[in-house]
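Student: Numbering (UniProt numbering), first residue to last: 1 to 339.
Just so it is clear, CB atoms sit at the ideal spot from N, CA and C, and this is done for glycine as well.
Since we're looking at a predicted model, the values are computed, not measured.
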């Protein structure tokens, strides 16, 4: 079925007038890329299955095949199969898009700002583990340490589909290195995730509905990295949504990126409204998506990471903070799809 669809798309691409319609060109080339990637994964899965089968047969013949080799082959097969199943769960319109990830420190000053820096490192490590890429769009350093707020663009297939599982409030419990008395502290940080929206998707933003502020960009430690007011903050008056960018050197470029972030937030808001309406019609109980505490990372008096939505618990908190998030993300998406 996929092969037939791919053949049809490639035939369409050879038609004389195909390249005249750029909107259709984007749609077809995107679908073609997705199908080819999916077929490639299925081929890899078949190869891994055959490898495991051969090793099992050889082990029956009393060859020198070790149990570790068989375990490794089965583990690789199960990992890829799990990945394919997860992708099949991601059916929302923007799941395949890049993701715009924003972290904000909660109340608690330096401790919460340090927590944001820890979370940023966690997500950057996750991005690297998956072979994705990222770009910093906005960065506001903490007063003494850490980060008050940061926005990054995560680039990779299904980046939004995966990272939407991270939206909400993340709680840290530890003995604070900033407390000379060695007391236990609880800190909070919010994670906001929206899809990067293609330029050809229309979103109406009236000039009268936005307030534009400019200011000097600041880097780590709070020092100004530019002598002009190049950083841009855009407030959408009807919704109160704010988007800002200070990563680029020119005010024009920062405004362009900030508008792109605002556009993505408005599209996500509209999607959320439609979802709420559908769920109210079905009589479903709505999960509180914004402002909810979704996960706790406890490092004192014991070590435990717990996702409060799925009740999944992981004892190795350092491993999670080093970017090992896939099991938490997969379990959330699995329960969301089946529940």
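Going by other Cβ atoms of all chains shown within 10 Å of its Cβ, with 16 needed for buried, is residue 122 buried or exposed?
Tutor: Residue 122 should be labelled buried.
Student: Among 236, 238, 243 and 232, whose alpha-carbon lies nearest the alpha-carbon of residue 249?
Tutor: Comparing Cα-Cα distances from residue 249 to each of 236, 238, 243 and 232, the minimum goes to 232.
Student: Could you tell me which residues DSSP pairs with residue 250 in its beta bridges?
Tutor: According to DSSP, residue 250 bridges with nothing at all.
Student: Report the rounded CA-to-CA distance for residue 222 versus residue 110, giving the unit in angstroms.
Tutor: With a pLDDT of only 45 at residue 222, under 50, the local geometry of the prediction cannot be trusted, and the value read off the model is given with reservation. Residue 222 and residue 110: Cα-Cα distance of roughly 14 Å.
Student: For residue 149, write down the residues that DSSP places opposite it in a beta bridge.
Tutor: Bridge partners of residue 149: 104 and 140.
Student: So the candidates are 274, 176, 97 and 140; which of them puts its Cα closest to the Cα of residue 162?
Tutor: The candidate whose alpha carbon is nearest that of residue 162 is 97.
Student: Judging by CA-CA distance, which residue of 252, 175 and 241 is the nearest neighbour of residue 215?
Tutor: Of the candidates 252, 175 and 241, the one whose C-alpha sits nearest the C-alpha of residue 215 is 252.
Student: Specify, as a first and last residue, the run of the alpha helix (DSSP H) that residue 201 falls within.
Tutor: First-last for residue 201: undefined, no H or E at that position.
Student: Here's a check: name, in chain order, each residue in its chain whose Cβ is nearer than 6 Å to the Cβ of residue 104, leaving out the five neighbours to either side.
Tutor: Result list for residue 104: 149 and 190, in chain order.
Student: For residue 100, which option in 328, 259 and 21 has the closest C-alpha, if you only look at C-alpha atoms?
Tutor: Selected option, being the one with the closest Cα: 259.
Student: Taking the continuous alpha helix (DSSP H) assigned at residue 122, which residues delimit it?
Tutor: 110 to 129 is the span of the alpha helix (DSSP H), which, as asked, contains residue 122.
Student: Using 8 Å as the threshold, is the C-beta distance between residue 80 and residue 56 below it?
Tutor: For residue 80 and residue 56, no; Cβs fall outside 8 Å.
Student: With a 10 Å radius around its C-beta and 16 neighbouring C-beta atoms as the bar for buried, classify residue 67 as buried or exposed.
Tutor: Residue 67 should be labelled exposed.
Student: Go to residue 28, then tell me how far its alpha helix (DSSP H) extends in each direction, as first and last residue.
Tutor: Start and end: 22 to 60.
Student: What's the C-alpha gap between residue 322 and residue 125?
Tutor: So the alpha carbons of these two residues sit roughly 6 Å apart.
Student: Pick helix, strand or coil for residue 65, following the three-state DSSP scheme.
Tutor: DSSP places residue 65 in coil when its eight states are reduced to three.
Student: So, with DSSP's three-state summary, where would you put residue 338?
Tutor: Residue 338 falls in the helix class under three-state DSSP.
Student: Pull up the CB-CB distance for residue 293 and residue 171, whole angstroms please, since I reckon it's below 8 Å.
Tutor: The Cβ separation is near 6 Å, so the contact holds.
Student: Quick one: using the 10 Å Cβ neighbour count with 16 as the cut-off for buried, is residue 302 buried or exposed?
Tutor: Residue 302 comes out exposed.
Student: Rounded to whole angstroms, what is the Cα-Cα separation between residue 212 and residue 137?
Tutor: Going by the C-alpha atoms only, they are around 17 Å apart.
Student: Which of the three DSSP states, helix, strand or coil, is assigned to residue 8?
Tutor: DSSP places residue 8 in helix when its eight states are reduced to three.
Student: Please list the terminal residues of the continuous alpha helix (DSSP H) segment that includes residue 162.
Tutor: Start and end: 159 to 163.
Student: Can you tell me whether residue 237 is helix, strand or coil according to DSSP?
Tutor: Residue state, collapsed to three classes: coil.
Student: Let me confirm a value: residue 337 is counted as buried when at least 16 other C-beta atoms fall within 10 Å, else exposed. Which label applies?
Tutor: Answer is exposed; the Cβ neighbour count stays below 16.
Student: Just the C-alpha distance for residue 143 and residue 35, rounded to the nearest angstrom, thanks.
Tutor: If I take the Cα positions, the gap works out to 48 Å.
Student: Where does the unbroken beta strand (DSSP E) through residue 168 begin, and where does it stop?
Tutor: Unbroken beta strand (DSSP E) run through residue 168: 168 to 175.
Student: Is the beta carbon of residue 134 closer than 8 Å to that of residue 155?
Tutor: It is a contact, given that the beta carbons lie within the stated cut-off.
Student: Can residue 178 and residue 106 be called in contact, C-beta distance under 8 Å?
Tutor: Against a cut-off of 8 Å, the Cβ pair of residue 106 and residue 178 comes out as no contact.
Student: Sort 174, 166, 168 and 131 by Cα distance to residue 157 and report the nearest one.
Tutor: It is 131.
Student: In angstroms with no decimal places, state the Cα-to-Cα distance between residue 261 and residue 297.
Tutor: If you take the alpha carbons of residue 261 and residue 297, they lie about 29 Å apart.
Student: Residue 173: which of 300, 244 and 270 sits nearest, CA to CA?
Tutor: Considering only alpha carbons, the answer is 300.
Student: Rounded C-beta distance between residue 234 and residue 244? I'm assuming under 8 Å.
Tutor: That pair is a contact at about 7 Å.
Student: Are the beta-carbon atoms of residue 19 and residue 28 separated by less than 8 Å?
Tutor: No. Outside cutoff.
Student: Please report the distance separating the alpha-carbon of residue 194 from that of residue 7.
Tutor: Roughly 33 Å separates the two Cα atoms.
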